[in-house]
Amino acid sequence: MDYIVAVDIGTTGTRSIAFNREGVIISKKVIEYPIYNPRPTWSEQDPEEIFKAVLESIKDVVAENDYSGNKLAGISFSSAMHSLLAVDHRGNPLTRCIIWADTRSESYARLIKESGAGHSIYMRTGTPVHPMSPLCKLLWMKDNDREVFDKAYKFISIKEYVFYKLFSKYIVDYSIASATGLFDIYKLKWDDEALNLIGISPDKLSVPVLPTYIVKGLKDEYARYLNIDKGVPFIVGASDGCLSNLGTNAVKPGVAAVTIGTSGAIRVVSPKPASDPEERIFSYILTENHYVLGGPVNNGGIALKWFKDNFYPLEAKSAEKENVNFYDVLTQKAGGISPGAGGLVFLPYLLGERAPHWNANVRGVFFGVNITHTREHFLRALMEGVVYGIYSVGKALEQVTGSVEKIYATGGFVRSPLWVKILSDVFNKEVLIAESYESSCLGAAVLAMKSLGLINAIEDVEKMVPVSQTIYPDKAIHDIYFKLFEIYERLYDHLKDEFVNIINLQ
Numbered sequence: 004m005d006y007i008v009a010v011d012i013g014t015t016g017t018r019s020i021a022f023n024r025e026g027v028i029i030s031k032k033v034i035e036y037p038i039y040n041p042r043p044t045w046s047e048q049d050p051e052e053i054f055k056a057v058l059e060s061i062k063d064v065v066a067e068n069d070y071s072g073n074k075l076a077g078i079s080f081s082s083a084m085h086s087l088l089a090v091d092h093r094g095n096p097l098t099r100c101i102i103w104a105d106t107r108s109e110s111y112a113r114l115i116k117e118s119g120a121g122h123s124i125y126m127r128t129g130t131p132v133h134p135m136s137p138l139c140k141l142l143w144m145k146d147n148d149r150e151v152f153d154k155a156y157k158f159i160s161i162k163e164y165v166f167y168k169l170f171s172k173y174i175v176d177y178s179i180a181s182a183t184g185l186f187d188i189y190k191l192k193w194d195d196e197a198l199n200l201i202g203i204s205p206d207k208l209s210v211p212v213l214p215t216y217i218v219k220g221l222k223d224e225y226a227r228y229l230n231i232d233k234g235v236p237f238i239v240g241a242s243d244g245c246l247s248n249l250g251t252n253a254v255k256p257g258v259a260a261v262t263i264g265t266s267g268a269i270r271v272v273s274p275k276p277a278s279d280p281e282e283r284i285f286s287y288i289l290t291e292n293h294y295v296l297g298g299p300v301n302n303g304g305i306a307l308k309w310f311k312d313n314f315y316p317l318e319a320k321s322a323e324k325e326n327v328n329f330y331d332v333l334t335q336k337a338g339g340i341s342p343g344a345g346g347l348v349f350l351p352y353l354l355g356e357r358a359p360h361w362n363a364n365v366r367g368v369f370f371g372v373n374i375t376h377t378r379e380h381f382l383r384a385l386m387e388g389v390v391y392g393i394y395s396v397g398k399a400l401e402q403v404t405g406s407v408e409k410i411y412a413t414g415g416f417v418r419s420p421l422w423v424k425i426l427s428d429v430f431n432k433e434v435l436i437a438e439s440y441e442s443s444c445l446g447a448a449v450l451a452m453k454s455l456g457l458i459n460a461i462e463d464v465e466k467m468v469p470v471s472q473t474i475y476p477d478k479a480i481h482d483i484y485f486k487l488f489e490i491y492e493r494l495y496d497h498l499k500d501e502f503v504n505i506i507n508l509q
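If you count the sequence shown from 1, you need to add 3 to reach the working numbering.
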């Protein structure tokens, strides 16, 4: 039986998953690694630790399938976006890998946004100007680590580092490139204005290639370690967010994917790129004919964890001792409160916010508190507020790309029937829960199947993603939510200038 290994280089770990040609998981290996925070706003990882995790996870999955007599057809890659590291002329890292969560360049993002260049760069690159962006990180490095900046032979992402180690080639797929703020998504080339702003030439970056691009000729030492033929095709793949849409079958017009894990996101696929004049959404590349438009929110399940840890600490510890999932208990408690939480509205900006505001200074707010409100009212309002945040991005998306008819839901929140129902009622759309839970890896496998000629089109993923449940909205509840959502939106406008003032007092 032919199989494909999909490798997802994530923030907390790398997972390698073997899929058969029907998209069914046949084996999996996950290896975790740490995030280093040497300063409060810094988030970094060791590129060698990640590379070793990639090798070890592939090796284990291949060994398991060799034992079963399966034949390796190819290895494809997914990767987190926005990472940056500098390497010397031998490919040795000069820095750790600066990941998406790093906000050290916040002041540079603000300067770019306030300049005329910021808007024009966004309109061509599709990447909002934000500290996550390598555009901003490189400006920070130029001013604050000039010795490394001048010494660097290349500035690359973690996936580019892995491919260089394996093949001695500096290549970057259009998908990862389109999330740098340095790549023109219309001309499919590095953007001259962005590079001039930083003061670098295109040869400081990798060669952009299609996500379906195949590389062969694996170095002997790694072919021996992995116990595979050096001629096995490696497919460069795409970014995790874009591949998640593919892996959930959200690739047709009018279909959105909503993910709520630690953070959250909503994305749709379009046959062409589209930048928002109000700079609320991103526009990334899945393939040359599929563009993923959407926006991420910082505050998803992490807001619920914060509430659990701080407002139910004793109950949570007791449940843990009894081996009870306390998140299920929280869902039951919130379910006892009517939709709208008794007029309590929560702005979930505990970690600042990305889309649609791209404002690292915003903070969380409970609004409308009265004497009748209990912990459970605050809990319900929190779950609703997280969905309001995603809905605000969804509204911006619909203005740019057209109406959304249905939503595929993924991420840890699908284990909460209440949270999924809130999503359906806020959006007033049907929500489908797919049986696939490794969407980014499945997306990478499907991209490999297309690249290797095993399927005709990536839309064939529909056969691989059966729907386990469909949730339908309640129009009367939607009307309640929409009135509260209008208050939610006005609150941001009224308070956006006060957030900076409160930060200055801390």
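All C-beta atoms, glycine included, are put in the ideal place defined by N, C-alpha and C.
Locate the alpha helix (DSSP H) running through residue i, then write down its first and last residues.
{"i": "Leu200", "result": "Asp195 to Ile201"}
{"i": "Ile505", "result": "Lys478 to Asn507"}
{"i": "Asp428", "result": "Pro420 to Phe430"}
{"i": "Tyr156", "result": "Taken as a continuous stretch (DSSP letters only), Tyr156 belongs to no alpha helix (DSSP H), as it is neither H nor E."}
{"i": "Leu138", "result": "Pro137 to Asn147"}
{"i": "Leu229", "result": "Asp223 to Leu229"}
{"i": "Tyr177", "result": "Tyr177 to Ala180"}
Helix or strand or just coil, what does DSSP make of residue i?
{"i": "Ser171", "result": "coil"}
{"i": "Val210", "result": "strand"}
{"i": "Thr17", "result": "strand"}
{"i": "Gly355", "result": "strand"}
{"i": "Ser471", "result": "strand"}
{"i": "Ile53", "result": "helix"}
{"i": "Ser30", "result": "strand"}
{"i": "Asp463", "result": "helix"}
{"i": "Tyr411", "result": "strand"}
{"i": "Ala253", "result": "coil"}
{"i": "Asn248", "result": "helix"}
{"i": "Glu441", "result": "coil"}
What's the gap between the Cα of residue i and the Cα of residue j?
{"i": "Gly392", "j": "Phe329", "result": "24 angstroms"}
{"i": "Ile425", "j": "Glu387", "result": "7 angstroms"}
{"i": "Arg493", "j": "Thr404", "result": "24 angstroms"}
{"i": "Arg383", "j": "Phe54", "result": "42 angstroms"}
{"i": "Phe152", "j": "Lys255", "result": "42 angstroms"}
{"i": "Asp63", "j": "Tyr287", "result": "32 angstroms"}
{"i": "Ala120", "j": "Thr106", "result": "21 angstroms"}
{"i": "Ile238", "j": "Ser454", "result": "8 angstroms"}
{"i": "Ile28", "j": "Ser46", "result": "32 angstroms"}
{"i": "Pro41", "j": "Trp361", "result": "24 angstroms"}
{"i": "Asp243", "j": "Ala479", "result": "36 angstroms"}
{"i": "Asn95", "j": "Asp49", "result": "12 angstroms"}
{"i": "Asn459", "j": "Gly250", "result": "16 angstroms"}
{"i": "Ala358", "j": "Ala268", "result": "9 angstroms"}
{"i": "Gly26", "j": "Phe370", "result": "46 angstroms"}
{"i": "Asp482", "j": "Leu347", "result": "16 angstroms"}
{"i": "Ala277", "j": "Tyr294", "result": "8 angstroms"}
{"i": "Gly264", "j": "Tyr440", "result": "12 angstroms"}
{"i": "Leu200", "j": "Thr128", "result": "14 angstroms"}
{"i": "Phe285", "j": "Ala448", "result": "24 angstroms"}
Could you spell out the range, first to last residue, of the beta strand (DSSP E) harbouring residue i?
{"i": "Gly240", "result": "Phe237 to Ser242"}
{"i": "Tyr394", "result": "Tyr394 -> not in any beta strand (DSSP E); alpha helix (DSSP H) instead, spanning Arg378 to Thr404."}
{"i": "Glu433", "result": "Glu433 to Ala437"}
{"i": "Tyr6", "result": "Asp5 to Ile12"}
{"i": "Leu455", "result": "Premise fails: Leu455 is in no beta strand (DSSP E) and is neither H nor E."}
Please classify residue i as buried or exposed, where buried requires at least 16 other C-beta atoms within 10 Å of its C-beta.
{"i": "Glu35", "result": "exposed"}
{"i": "Phe485", "result": "exposed"}
{"i": "Asp312", "result": "exposed"}
{"i": "Pro274", "result": "exposed"}
{"i": "Met4", "result": "exposed"}
{"i": "Gly72", "result": "exposed"}
(message) To test your reading of the DSSP string, which unbroken beta strand (DSSP E) runs of 3 or more residues are found completely within the segment 60-132?
(response) Taking only runs of at least 3 residues, the beta strand (DSSP E) segments lying wholly in the segment 60-132 are 74-82 and 88-90.
(message) Ignoring anything shorter than 3 residues, give me the beta strand (DSSP E) runs that lie fully in the segment 263-338, in order along the chain.
(response) Here the runs fully enclosed are 267-273, 285-290 and 293-300.
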